[in-house]
Every structure is written in structure tokens, then in C-alpha cells.
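**Student:** Letter 274 of the sequence shown, counting from 1, is numbered 254 in this note's numbering, and no numbers are missing.
Just so you know, even glycine gets a beta-carbon here, dropped at the ideal spot from N, CA and C.
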Amino acid sequence: TGSHTVDTNTQLSNAQVDAYVVNGALSLAAGTTLNGATISTGSHTVDTNTQLSNAQVDAYVVNGALSLAAGTTLNGATISTGSHTVDTNTQLSNAQVDAYVVNAPIGLAAGSTIGGEGIHRGIVYTHWGQVACPGSATTMYAGWIMGGHYTQGGGIASWQCMHESPNFREYNDANHDGALLYFTEFEMQPAVNGVAMLENRNDYEARCSRCYEPNRNVEFVMWGRDDCPSGWNIEYQGFIMADRHLHPRNSEAICVNRNPEIHGENLNHNGALLYTTEIECSGSNIDCQNYVYNREVVCAVCSK
């Protein structure tokens, strides 16, 4: 018990820290280093300019709280002002510690670590079908949906939201026939996988945008429903779309806004093609569960 002072540059082993600090406070002078693993109980103060590595903070703070005085550095990041508490197992990078804590100690709960990814805010997602982002999201750029040609089995299987104003570095305008990207058209005619509200988009080029939402931490696509779980936000609602099943190209599915924008004319270029998606569960031995045979399926992009 009691209060114990260790001078600058003194080295303490695990056993010494555990033995000397039981019910009191250990005061480490500026420049002191800690060598070992565990601080068991009590409150321990590290003075200005003491250096702690990520591993040391993780190992030493187990059952107590580590209080870092103003000016203390954590593996290169300086703490100046403000008081901030980080919960158990939260990860802080050096830059985040430097940015979030300005003029007061940071309180790290037992098990907290410094380093890694950890605290973050903001999500980035693609808004398929529209050139502007919904709600409070910032439009990073507007673009064109591009993909592989519907008749080609090789090339790019994923859909890309390509910037509407590209730039080029080194290039050769000869036709090398390597990986190829084509503008994408909607195929919405009633005779082929059409939905009434989308029919006037047939053969028009498909648009997209990339969105940054700073007030969210995570997002996902709800496949099969156009709503989101309780407590989640709907970024946008849409239809599941992909290339046609009879085409050689095997494309991924994307969630396209249910009111996609159209630009230009319906010129029917037939490059990359997007169709709505429907459920196939016919036959006496197939149970459709809650789905309906031949019905177009919806989706939503959800965030929290």
C-alpha cells in the first residue's frame, strides 16, 4: 500500500509493479519506461513525456485505469487537452489519439488498446441508379455504371461506378482487346424481366454515384426486402439487378434505386445490360418458402 515514486529512466519488471502497487498510486516521472506485462489493481499515473508503446498499454492496463497526464505521448501521438474516456477493447490509432485528445488526460478502461483501427465514423457506398446521394450523404462523384459486354464470358464480372469526368495518365490508343468496360443499359421491356414502374427506362444508359455519409458507422444491403431492421436507416430502396441468365457473362448482383435516373437517348447500344431479378422456384419438389415464383425481388441499402 501507499504511494511510491520512481525516478526518471527507472526500469520496473512485472513482478515489481505487481508487488509495489497494490492499494496506492504509482507515480512515474517523465521519461520512465515500463517493462513487463500486468498492472493488477489501483490507479497509476504516467507523467508528461513518458513513452508507452501500443503493446505496453495493452498489457499493463488490465484491472485498473491508466491516467495519462497532459503532454504524454502514446507511441508518437501527443495528448494536450480535453478529457476523453475510451471503453474496454476500443482501438485507437496514433493519429486518432492525437486528434481526439487535445488538452487533458485520456481515460482508458481495462483492456483498452492503443493502435489498430478502432474509433471511426463515416461510411462510403455506391448509389446505383442515381447521380446524387440521398439524405445527408455527400456525393463524392457522379458516374456511369459500366461492366463487361453481355456476350463476353471473360473480362470484368463486377459493376463499376466510373467517374463521369475521367482523367488518363499513360495510355496507348491502339485496340489491345484486354479487359473491356462498356456503358450499361437498362433492359426493362415488359416481355423480358420488366417492371411497370421501370419500363420507360428501357435501353437508356445507367447512372450511379459514390456517397459519403459521415454520421454512420456501418452499412449493408438488405437483399429481398426494401426496408431495414429496427434502429437502422434506409439510405435508398431498390430492385436487385444483374445481367440476364442466358448471357455468357456471369455478373454480380447490385441494388439499383427503384427510380433510376436516365440520361440521353434510348439508343439500344447493347453493351453491358442490367435486368431486374425474379425468383425461380417452380416444380412439384421445390418449396418457395415466403417467395413468389417469377416475382421481382427488391433490396435496400441500410446504415447505422
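(1) Going by DSSP in three states, R181 sits in which element: helix, strand or coil?
(2) Is Y192 helix, strand or coil when you go by DSSP?
(3) Cutting at 7 angstroms between CB atoms, please list the residues of its own chain near K284, excluding the five before and the five after it.
(4) Identify the residues that DSSP records as bridge partners of R187: which are they?
(5) Report the rounded CA-to-CA distance for C235 versus N155, giving the unit in angstroms.
(6) Going by the beta-carbon positions, is the gap between R229 and Q132 smaller than 8 angstroms?
(7) Tell me the DSSP secondary structure of V249 in three-state form.
(8) Are the beta-carbon atoms belonging to E241 and P114 less than 8 angstroms from one another?
(9) Tell me which residue opens and which closes the beta strand (DSSP E) that C141 is part of.
(10) Quick one: Cα of I266 to Cα of Y192, how far?
(11) Excluding five sequence neighbours on each side, which residues of the same chain lie with their C-beta closer than 8 angstroms to the C-beta of I259?
(12) Is there a C-beta anywhere in chain B that falls below 8 angstroms from the one on S145?
(13) Using the Cβ count rule (16 or more neighbours within 10 Å means buried), how would you classify A159?
(14) So A222 is in the beta strand (DSSP E); what residue range does that whole segment cover?
(15) Since A280 contacts M202 with CB under 8 angstroms, what's their CB separation in whole angstroms?
(16) Per DSSP, which one or two residues make a beta bridge with M202?
(17) Is it right to say H204 is buried, meaning 16 or more other beta carbons lie within 10 angstroms of its own, or is it exposed?
(18) Am I right that S189 and V104 are in contact with their C-beta atoms under 8 angstroms? What's the rounded C-beta distance?
(19) Rounded to whole angstroms, what is the Cα-Cα separation between R238 and N246?
(20) Return the chain-ordered list of same chain residues with a C-beta closer than 8 angstroms to the C-beta of A222, the five sequence neighbours on each side being excluded.
(21) Go ahead and pull the three-state DSSP assignment for C268.
(22) Can you tell me whether DSSP reads H156 as helix, strand or coil?
(23) Give me whichever residues DSSP pairs with L254 in a beta bridge.
(24) Can you tell me which of the three DSSP states T131 falls into?
(25) Looking only at DSSP bridge pairs, what is H225 linked to?
(26) Pop quiz: E185 and M168 are said to be a contact at Cβ under 8 angstroms. What is the actual Cβ separation, rounded to whole angstroms?
(27) Per DSSP, what kind of secondary structure is E97 in: helix, strand or coil?
(28) Are there 16 or more other CB atoms within 10 angstroms of the CB of R181, so buried, or fewer, so exposed?
**Tutor:** Taking the definition as stated:
(1) On the sequence shown, residue 181 is found 201 positions in, with the first residue counted as 1. Three-state result, R181: helix.
(2) As a first step, residue 192 is located in the sequence shown; it is residue number 212 there, counting from the start. Of the three classes helix, strand and coil, the one that applies to Y192 here is strand, per DSSP.
(3) Sequence index remark: in the sequence shown, residue 284 carries index 304 (1-based). Result list for K284: R196, N197, V198, G211, W212 and N213, in chain order.
(4) Position 207 of the sequence shown, counting from 1, holds the residue named residue 187. Its beta-bridge partners are W124.
(5) Here residue 235 refers to the residue found at position 255 of the sequence shown. Here residue 155 refers to the residue found at position 175 of the sequence shown. Taking the straight line joining both Cα atoms gives about 33 angstroms.
(6) By one-based count along the sequence shown, residue 229 stands at place 249. By one-based count along the sequence shown, residue 132 stands at place 152. Contact: yes.
(7) Mapped onto the sequence shown, residue 249 falls at position 269. In the sequence as presented, Val is not what sits at residue 249; that position holds His. It is coil, neither helix nor strand.
(8) Here the question's residue 241 lines up with position 261 in the sequence shown. Here the question's residue 114 lines up with position 134 in the sequence shown. No, these two residues do not count as a Cβ contact at 8 angstroms.
(9) Locating residue 141 in the sequence shown gives position 161, where the first residue counts as 1. From DSSP, the beta strand (DSSP E) with C141 extends over Q140 to H143.
(10) Here residue 266 corresponds to residue number 286 of the sequence shown, with the count starting at 1. Here residue 192 corresponds to residue number 212 of the sequence shown, with the count starting at 1. The alpha-carbon atoms of I266 and Y192 are separated by roughly 42 angstroms.
(11) Here residue 259 corresponds to residue number 279 of the sequence shown, with the count starting at 1. Counting only Cβ-Cβ distances below 8 angstroms, and skipping sequence neighbours, we find C268, Y271, V272, Y273, N274, R275 and V277.
(12) The chain inventory of the structure shown lacks chain B, comprising one protein chain alone.
(13) The residue you call residue 159 lines up with position 179 of the sequence shown. The residue is exposed, with fewer than 16 neighbouring Cβ atoms inside 10 Å.
(14) In the sequence shown, the residue the question calls residue 222 occupies position 242. First-last of the beta strand (DSSP E) with A222: N213 to A222.
(15) Translated into the one-based positions of the sequence shown, residue 280 becomes position 300. Translated into the one-based positions of the sequence shown, residue 202 becomes position 222. Right, the Cβ-Cβ distance comes to about 4 angstroms (below 8 angstroms), so this counts as a contact.
(16) Within the sequence shown, the letter at position 222 stands for residue 202. Answer is A280.
(17) Here residue 204 refers to the residue found at position 224 of the sequence shown. The sequence shown places Gly at residue 204, rather than the His named in the question. By the 10 Å Cβ count, G204 comes out exposed.
(18) Taking the first residue of the sequence shown as 1, we reach residue 189 at position 209. Taking the first residue of the sequence shown as 1, we reach residue 104 at position 124. About 11 angstroms; that fails the 8 angstroms criterion.
(19) Indexing the sequence shown from 1 puts residue 238 at position 258. Indexing the sequence shown from 1 puts residue 246 at position 266. One C-alpha to the other measures close to 19 angstroms.
(20) Numbered from its first residue, the sequence shown carries residue 222 at position 242. Answer for A222: S231, E232, A233, I234, L254, Y255 and T257, listed in chain order.
(21) As a working mapping, residue 268 is identified with position 288 in the sequence shown. In this structure, C268 counts as coil in the three-state DSSP scheme.
(22) Within the sequence shown, residue 156 is the residue found at index 176, counting from 1. It is coil, neither helix nor strand.
(23) Looking up residue 254 in the sequence shown gives position 274. Answer is F166, bridged to L254.
(24) For the purposes of this step, residue 131 is taken as the residue at position 151 of the sequence shown. In the structure shown, T131 falls within a coil segment according to DSSP collapsed to helix, strand and coil.
(25) Position 245 of the sequence shown holds residue 225. BP columns for H225 are empty, so no partner.
(26) Here residue 185 corresponds to residue number 205 of the sequence shown, with the count starting at 1. Here residue 168 corresponds to residue number 188 of the sequence shown, with the count starting at 1. That belief does not hold up - the Cβ atoms of E185 and M168 are roughly 13 angstroms apart, past 8 angstroms.
(27) Start at 1 with the first residue of the sequence shown, and residue 97 comes out as number 117. Confidence at E97 is low in this model, with a pLDDT of 47, below 50, so its placement is unreliable and the value that follows should be read with caution. E97: coil per DSSP, three-state reduction.
(28) Residue 181 sits at position 201 when you count from the first residue of the sequence shown. Buried is the call here.
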